[in-house]
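A short write-up of the structure that comes next.
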Amino acid sequence: MDWYTLGIALFAAIGTFLFGFDTGIATTTIAHQSWVDYMGKPSKSQVGAIVSIYIAGEAVGSILQVFAGDKLGRIRFMQIMCVIVTIGTAIQTAAANYGMFVAGRFMAGFAVGGMVGTVPVYLSEIAAPANRGLIGGISGVGISFGSMMSNWVGFLCGLAPYGQLQWRLPLSLQIPWGIIMFIGLTTFMPDSPRQLIRAGNVDKARLEFLKIRRDLASEESTREFAFMHAQIEFEMARELTSYKEIFKLFKRRVLVSIAVQTMTSLTGTNVVGYYQTILYKGLGFNPKVVLCLAGAYGTVGFISNSLTTVFLTDAWGRRKMLITGLAGVCFWEVYSAIMLREFNGSNNTVGKGFTIAGIYIFCVTYFGMINSTTWLYGAEVVPIILRNRVMGVASFFHFVVNVAITQAGPTAFANIHENYFYVFVGCSFFFLVMAYFFFPETKQKSLEEIAASFGDKVVLLTEMEVAVEATIQQNKGGADKLEVEDRSVDKVA
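The sequence shown begins at 64 in this note's numbering and counts up by one.
Listed below in structure tokens is the structure:
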């Protein structure tokens, strides 16, 4: 494990942390009576619009990623998103009326919508094949960490006396993170070597690659960079601008990437996350216990997500994790639906305990097996010429499906109650079959080697190409490395 790359991944995950935190903190904000009174007692449709306008902002941000992400580059695009999310969170915090609050929500949603699809792309492109599951999976861990923190911050601020502090303080905690990430992107975070090659800046790509892959011996770095360079140039030679041509040539890879993102919403995890408080209230728990249970739910998700990202993603593989996770989601949603039907509103304490246990095990299953894996896998399976655009489209579908099923949540729970879970059981089973037959394994393979798993051509290096790259690295990369070592010796002396 290269600690430099791990540090970069943790820093980049600030972008996905903001996605998780900003999404979750609105739930507790609009629940405070102090917020309701200050905003002039907005109607139910106006309160619902706060969630809808945020997800609409995310969808627009993902569209911007499609059309501007490659032109601006990974670093520059994320810098712009950091500026926008800082402004958006500041507007929310300082909101003097409902309109100002909604405007801040849209801006923040716009920024994190572009960020959440770009971070896994960036991390997948700087990670070594052996630990790309860990490095790329950290983007998903950032989401679960943000969700957990929003739950507990909302709970603690709910204990504060009635007043604006209850909701302005949690909102203000979002502001510094965009600034911190912007500083990191500007000062020490490397650009993606693959994106630089695609932009024609091969010399800078080589320097960034040698900085990131300092774990490699000289011959290994030569071969890996030469192969990466040759494969990207081969793919660029047939780069397509028509979406019809793209779909025709890379149909399976595009569909797999979009499918894994759409799948995350259709497992029902967002519905459970947003409306778990309704489920707990239906079981007869008081408001403080309900908020505490929601905080524990987020904590369980974060811990399971972290453990599997560290120990399973690279060792066990993405395909096995997705199949196991989807099978588990189907089982535990059926279990939870049955238990809710039996014990909702009852006085059976043991039955209620087993009901909550089922909801928590669903959380462990989803976050442990699916959450990080989908964001990473969706970025891995598409070639460099399409990666950013397809991830933007995949994120767009994720947000659109998410808003549809979450907006339907209150009505569905009111009319068909726990049977709403069976909708997600059916969807999860469909994706389980899809994953089994159409999702290839990507672990331990470079991004360029993954092309072979989909039947696409992979360039075979000649010894002449390797020798040419070795000479260039010796003249350029080696000289830079020697200069760094000389400076280090001078400091020691």
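Using N, Cα and C, we set each Cβ at its ideal position, and we do this for glycine too.
Owing to the predicted nature of the structure, the values given are computational and were not obtained by experimental measurement.
Taking the runs of the beta strand (DSSP E) that are 3 residues or longer, which of them lie wholly in the region 161-245?
none
Consult DSSP for Phe517 and reduce its assignment to one of helix, strand or coil.
The residue labelled residue 517 in the question sits at position 454 within the sequence shown. DSSP places Phe517 in coil when its eight states are reduced to three.
I'd like the span of the alpha helix (DSSP H) that includes Leu312, first residue to last.
For the purposes of this step, residue 312 is taken as residue 249 along the sequence shown, with counting starting at 1. Counting along the chain, the alpha helix (DSSP H) containing Leu312 begins and ends at 306-329.
Taking 8 Å as the cut-off, does the region 177-193 touch the region 201-210 (at least 3 CB pairs, one atom from each stretch)?
Yes: at least three Cβ pairs fall under 8 Å.
How about the region 188-197 and the region 139-152: do they share at least three Cβ pairs that are nearer than 8 Å?
no
Can you tell which of Val453, Ile447, Lys107, Phe460 has its C-alpha closest to the C-alpha of Ala262?
For the purposes of this step, residue 262 is taken as the residue at position 199 of the sequence shown. It is Ile447 whose Cα lies nearest to the Cα of Ala262.
Check whether the Cβ atoms of Phe74 and Gly247 sit closer than 7 Å, and answer yes or no.
Translated into positions along the sequence shown, residue 74 becomes position 11. Translated into positions along the sequence shown, residue 247 becomes position 184. Yes.
In chain order, which continuous runs of the beta strand (DSSP E) of length 3 or greater are located wholly inside the region 377-444?
Entirely contained in the region 377-444, not one beta strand (DSSP E) run reaches 3 residues.
Measuring alpha carbon to alpha carbon, tell me which of Asp100, Ser399, Leu375, Trp438 ends up nearest Gly416.
As a position in the sequence shown, residue 416 is number 353, starting the count at 1. Selected option, being the one with the closest Cα: Ser399.
Decide if Glu443 is buried, meaning its Cβ has at least 16 other Cβ atoms within 10 Å, or exposed.
Residue mapping note: residue 443 aligns to position 380 of the sequence shown, counting from 1. Its Cβ being crowded by 16 or more others within 10 Å, Glu443 is buried.
Determine the burial state of Val146: buried for a count of at least 16 other Cβ atoms within 10 Å of its Cβ, exposed for fewer.
On the sequence shown, position 83 is the one that residue 146 refers to. In the assembly as shown, Val146 is an exposed residue. Its beta-carbon has fewer than 16 other beta-carbons within 10 Å.
Measuring straight from C-alpha to C-alpha, what distance separates Met299 and Arg257?
Against the sequence shown, residue 299 aligns to sequence position 236. Against the sequence shown, residue 257 aligns to sequence position 194. Those two C-alpha atoms are separated by around 12 Å.
Going by other Cβ atoms of all chains shown within 10 Å of its Cβ, with 16 needed for buried, is Ile260 buried or exposed?
As a working mapping, residue 260 is identified with position 197 in the sequence shown. With 16 or more Cβ atoms within 10 Å of its Cβ, Ile260 is classed as buried.
Look up Ser509 in the DSSP assignment and say whether it is helix, strand or coil.
Position 446 of the sequence shown, counted from the first residue, corresponds to residue 509. Residue state, collapsed to three classes: coil.
Could you tell me the alpha carbon to alpha carbon distance between Ser435 and Leu375, rounded to whole angstroms?
Counting from one through the sequence shown, the residue named residue 435 turns up at place 372. Counting from one through the sequence shown, the residue named residue 375 turns up at place 312. If I take the Cα positions, the gap works out to 11 Å.
Residues in its own chain within less than 7 Å of Ile113 by CB, not counting five upstream and five downstream?
As a first step, residue 113 is located in the sequence shown; it is residue number 50 there, counting from the start. Only Ala89, Ile93, Val165, Arg168 meet the Cβ criterion.
Any idea what DSSP makes of His461, helix, strand or coil?
For the purposes of this step, residue 461 is taken as residue 398 along the sequence shown, with counting starting at 1. It is helical.
Spell out a yes or no on whether the region 466-478 and the region 329-340 are touching, meaning 3 or more CB-CB pairs, one atom from each, closer than 8 Å.
yes
Between which two residues does the alpha helix (DSSP H) carrying Gln155 extend?
As a first step, residue 155 is located in the sequence shown; it is residue number 92 there, counting from the start. First-last of the alpha helix (DSSP H) with Gln155: 137-156.
Which residue comes first and which comes last in the alpha helix (DSSP H) that contains Gly78?
Indexing the sequence shown from 1 puts residue 78 at position 15. That run of the alpha helix (DSSP H) goes 77-92.
On the CB-based measure, 16 or more other CB atoms within 10 Å of its CB, does Asn465 come out buried or exposed?
Stepping through the sequence shown from its first residue, residue 465 is reached at position 402. Classification of Asn465: buried, given that the 10 Å Cβ count is 16 or more.
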